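Student: Starting off with a structure, shown below.
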Amino acid sequence: MVLEVALIDVTPGQEAEFAAAYQTAVTELIDVEGCRSVRMTQGIETPSRFVLLVEWDSVEAHEQNFRATDRFGRWRATIGPFFAGPPHVEHFRDVPTSA
1015 MVLEVALIDV TPGQEAEFAA AYQTAVTELI DVEGCRSVRM TQGIETPSRF
1065 VLLVEWDSVE AHEQNFRATD RFGRWRATIG PFFAGPPHVE HFRDVPTSA
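The opening residue of the sequence shown carries number 1015 in this note's numbering; numbering runs sequentially from there.
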């Protein structure tokens, strides 16, 4: 499992519109093969900053099953107009514990 973390800065004053657009756009993501969970969070100290957290089976599932499809284009067309700049996206894996 990998965790996609996307730091999204929204144009200040458009936070509510972005959140509403996300509610529509998330339907493009939640049933993609290899997508385990989706969660969007909003900053408290910086309300125009959002963090998208998506659990994928693999980086390849994200890239091939979503980013390389029309779904991604529709996703970006719905939420992209609210971006203050390009999102910063990275993938992470869990660090094993030795308990």
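Don't be surprised by glycine CBs; every beta carbon is placed ideally from N, CA and C.
As the structure is a computational prediction, the values presented were derived from the model and not from experiment.
#1: Buried or exposed: V1024, going by 16 or more other Cβ atoms within 10 Å of its Cβ?
#2: In this structure, how does DSSP classify R1107 when only helix, strand and coil are distinguished?
#3: One question on the structure: do R1090 and W1070 come within less than 8 Å of each other, judged by their Cβ atoms?
#4: CA-CA distance, L1043 and S1062?
#5: Relative to the C-alpha of E1018, which residue among T1111, H1102, P1110 is closest?
Tutor: Inspection of the coordinates gives the following:
#1: Reading the sequence shown from its first residue, position 10 is the one you call residue 1024. Label assigned to V1024: buried.
#2: Taking the first residue of the sequence shown as 1, we reach residue 1107 at position 93. Taken through DSSP and simplified to helix, strand or coil, R1107 comes out as coil.
#3: Here residue 1090 refers to the residue found at position 76 of the sequence shown. Here residue 1070 refers to the residue found at position 56 of the sequence shown. Contact: no.
#4: What you label residue 1043 is simply residue 29 of the sequence shown in a count that begins at 1. What you label residue 1062 is simply residue 48 of the sequence shown in a count that begins at 1. In this model, L1043 and S1062 are separated by some 22 Å (Cα to Cα).
#5: Position 4 of the sequence shown, counted from the first residue, corresponds to residue 1018. The residue with the shortest Cα to Cα distance from E1018 is H1102.
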